């Protein structure tokens with residue numbers, strides 16, 4: 002353990018003109034209840050008083066000095082603590098992210114409250130995994146935690162971090178993150194190669210160069226069972242008593258979960274807030290060839306200051322006098338304020354799949370069906386969307402989908418050019434009548450905004466593994482050839498389809514490597530070493546009114 006020392010320094014703060022001394026305690030050992038010591042950096046504006054504290058717990062390295070972001074909060078009058086989580090960088094122990102953060106968060110909060118520079122009032126902030134640690138610490142019910150501010154983090158390990166709401170593994174997301182953070186020293190393998198590894202059960206070795214206990218635990222539990230229920234914030238949300246300000250992005254992997262948590266917490270009390278913008282997992286990374294206008298930026302740091310001033314310093318925040326949800330509506334490229342999610346004014350509108358690739362307001366009267374062959378050895382490639390976590394390796398965000406739509410295994414349905422603007426703000430679902438030659442297979446849905454020049458910009462998408470059509474808890478294989486009514490959760494969005502644009506939905510059976518490939522055998526997907534083609538049918542007639550359901554604003 003590195004020796005503790007005290008440094009006095011003068012640093013330039015981004016929010017104030019004057020320069021002030023910053024007190025730094027670096028690599029402070031913090032003992033957990035089991036004796037494991039976690040390493041933390043402590044930054045103070047001065048030593049002579051007890052202060053409210055902001056905590057960030059990270060697996061990405063706390064750093065050797067104060068960051069510009071932390072400096073702004075210290076200059077504002079907060080103590081800031083940045084800690085390496087268990088098993089990462091200078092902290093002892095084994096990294097077990099699914100189970101360690103509730104206890105370690107609780108112990109760290111208690112340690113901070115006992116320090117001579119702390120007044121016992123603590124807030125937590127940060128994004129991605131650093132946001133996850135906030136939700137987990139809040140589950141502990143620690144009395145010193147007064148508010149949290151998670152950014153692009155989600156709140157459920159199964160349904161938004163490892164698997165989808167439709168039961169398919171988020172293969173590319175997970176393997177890419179683990180490859181960057183948990184691979185064997187000196188090992189490197191290309192993303193395009195390790196995502197193709199079969200069986201999926203041992204893809205950790207291909208991606209990391211060694212076996213990952215985390216990955217093996219995840220793969221051993223493809224069903225939402227007691228293992229996942231025990232670690233889920235979603236399943237224990239009633240334990241969250243602190244005010245939550247969440248930030249999400251329409252092209253982030255966790256936005257649906259962020260909004261779902263906000264909606265559920267709003268039923269408990271009226272103090273929780275959410276901000277959702279036109280971003281991916283990193284809101285500061287611009288999209289290539291797509292610009293949502295000058296209003297797309299948001300002053301998140303000022304919102305954090307206002308939020309913590311309210312709950313840690315007792316100052317009245319302007320945030321609590323404003324509507325609880327601030328949502329960026331794409332297309333219109335404007336921020337909209339809402340009091341709840343989905344907006345109370347939104348109404349469900351069904352657009353029906355009909356013959357010759359049309360999408361209309363009425364079901365088709367005549368019998369109709371479209372067919373395609375799903376070959377998992379030649380899956381539909383992921384092109385942008387809400388993927389994570391390195392766009393240089395796994396590109397994210399809005400992209401032109403026309404190259405995907407030319408494939409024979411992608412069904413495309415479009416409205417006529419719209420006579421007026423149509424705003425869709427809320428969840429998106431595809432209700433489909435389908436059959437398959439396989440006992441288990443996948444169906445995907447993607448919502449697309451088609452511009453007058455033909456550009457087909459993806460908005461949101463989703464997948465359903467057919468064995469989970471009834472529930473994630475009890476998979477049921479299908480009977481080949483039997484027609485089933487299924488619902489594909491295609492995510493969430495807020496977008497104005499402008500006059501002259503077309504609304505489009507793509508239906509297929511793969512979106513790889515965003516989701517793992519279904520081998521179409523009916524066996525355990527994670528153990529398959531051979532895959533088979535499946536003949537798929539999507540029905541659209543009066544008896545089988547397949548449709549996409551949007552939440553449309555008046």
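Residue numbers (this note's numbering): 2 to 555.
Note that CB positions come from ideal geometry on N, CA and C, so glycine has one too.
A quick note: this is a predicted structure, and the numbers were derived from the prediction, not measured.
Euclidean distance between Cα positions of residue i and residue j
{"i": "residue 518", "j": "residue 511", "result": "7 Å"}
{"i": "residue 233", "j": "residue 501", "result": "44 Å"}
{"i": "residue 521", "j": "residue 307", "result": "52 Å"}
{"i": "residue 417", "j": "residue 499", "result": "12 Å"}
{"i": "residue 198", "j": "residue 377", "result": "13 Å"}
{"i": "residue 242", "j": "residue 124", "result": "13 Å"}
{"i": "residue 1", "j": "residue 480", "result": "With the chain running from 2 to 555 in the structure shown, residue 1 is simply not present."}
{"i": "residue 132", "j": "residue 262", "result": "13 Å"}
{"i": "residue 95", "j": "residue 109", "result": "17 Å"}
{"i": "residue 543", "j": "residue 271", "result": "44 Å"}
{"i": "residue 292", "j": "residue 344", "result": "25 Å"}
{"i": "residue 156", "j": "residue 135", "result": "10 Å"}
{"i": "residue 469", "j": "residue 476", "result": "5 Å"}
{"i": "residue 325", "j": "residue 273", "result": "7 Å"}
{"i": "residue 494", "j": "residue 35", "result": "44 Å"}
{"i": "residue 28", "j": "residue 65", "result": "8 Å"}
Residue i and residue j closer than 8 Å at C-beta
{"i": "residue 176", "j": "residue 516", "result": "no"}
{"i": "residue 508", "j": "residue 433", "result": "yes"}
{"i": "residue 410", "j": "residue 435", "result": "no"}
{"i": "residue 67", "j": "residue 46", "result": "no"}
{"i": "residue 466", "j": "residue 441", "result": "yes"}
{"i": "residue 142", "j": "residue 240", "result": "yes"}
{"i": "residue 557", "j": "residue 539", "result": "Residue numbering for the chain in the displayed model covers 2 to 555; residue 557 lies beyond these limits and cannot be assessed."}
{"i": "residue 245", "j": "residue 277", "result": "no"}
{"i": "residue 150", "j": "residue 126", "result": "yes"}
{"i": "residue 52", "j": "residue 73", "result": "no"}
{"i": "residue 39", "j": "residue 97", "result": "no"}
{"i": "residue 137", "j": "residue 102", "result": "yes"}
{"i": "residue 565", "j": "residue 414", "result": "Given that the chain is displayed from residue 2 to residue 555, the structure contains no residue 565 and the question cannot be resolved."}
{"i": "residue 238", "j": "residue 265", "result": "yes"}
{"i": "residue 82", "j": "residue 54", "result": "yes"}
{"i": "residue 183", "j": "residue 213", "result": "yes"}
Where residue i sits in the DSSP three-state scheme
{"i": "residue 211", "result": "coil"}
{"i": "residue 459", "result": "strand"}
{"i": "residue 374", "result": "strand"}
{"i": "residue 524", "result": "coil"}
{"i": "residue 402", "result": "coil"}
{"i": "residue 274", "result": "strand"}
{"i": "residue 220", "result": "helix"}
{"i": "residue 395", "result": "coil"}
{"i": "residue 512", "result": "coil"}
{"i": "residue 416", "result": "coil"}
{"i": "residue 69", "result": "helix"}
{"i": "residue 492", "result": "strand"}
{"i": "residue 264", "result": "helix"}
{"i": "residue 241", "result": "coil"}
{"i": "residue 182", "result": "helix"}
{"i": "residue 358", "result": "helix"}
{"i": "residue 111", "result": "helix"}
{"i": "residue 254", "result": "coil"}
{"i": "residue 479", "result": "coil"}
{"i": "residue 469", "result": "helix"}
{"i": "residue 319", "result": "helix"}
{"i": "residue 2", "result": "In this predicted model, residue 2 has a pLDDT of only 34, less than 50, meaning its place in the structure is not dependable enough to derive any value."}
{"i": "residue 162", "result": "helix"}
{"i": "residue 350", "result": "strand"}
Rounded distance between the beta-carbons of residue j and residue i, thought under 8 Å
{"i": "residue 192", "j": "residue 395", "result": "7 Å"}
{"i": "residue 218", "j": "residue 99", "result": "7 Å"}
{"i": "residue 201", "j": "residue 527", "result": "5 Å"}
{"i": "residue 474", "j": "residue 226", "result": "7 Å"}
{"i": "residue 463", "j": "residue 167", "result": "6 Å"}
{"i": "residue 439", "j": "residue 529", "result": "Actually they do not touch by this definition, with Cβ atoms about 12 Å apart."}
{"i": "residue 252", "j": "residue 398", "result": "5 Å"}
{"i": "residue 248", "j": "residue 153", "result": "7 Å"}
{"i": "residue 541", "j": "residue 370", "result": "7 Å"}
{"i": "residue 361", "j": "residue 352", "result": "7 Å"}
{"i": "residue 457", "j": "residue 402", "result": "4 Å"}
{"i": "residue 174", "j": "residue 254", "result": "6 Å"}
{"i": "residue 451", "j": "residue 503", "result": "4 Å"}
is_contact[residue i, chain B] using C-beta, thresh 8 Å
{"i": "residue 361", "result": "Of the protein chains in the structure, only one exists, and it is not chain B."}
Stretch pair the segment 277 to 295 + the segment 377 to 392: three plus CB contacts closer than 8 Å: They touch, by the three-pair rule.
Does the pairing of the segment 175 to 193 with the segment 141 to 161 give three or more beta-carbon distances under 8 Å? Here the segment 175 to 193 makes no contact with the segment 141 to 161; the two share fewer than three CB pairs at distances below 8 Å.
Taking three-plus beta-carbon pairs below 8 Å as touching, is the segment 217 to 237 in contact with the segment 350 to 366? A contact is defined here as three or more CB-CB pairs under 8 Å, and the segment 217 to 237 fails this definition with respect to the segment 350 to 366.
Inter-stretch contact at 8 Å, needing at least 3 Cβ pairs: the segment 116 to 129 / the segment 85 to 101: Counting Cβ pairs under 8 Å, fewer than three are found: no touch.
Are at least three pairs of beta-carbons, each pair with one atom in the segment 423 to 440 and one in the segment 296 to 307, less than 8 Å apart? Taking a contact to require three or more Cβ pairs closer than 8 Å, the segment 423 to 440 and the segment 296 to 307 do not qualify as touching.
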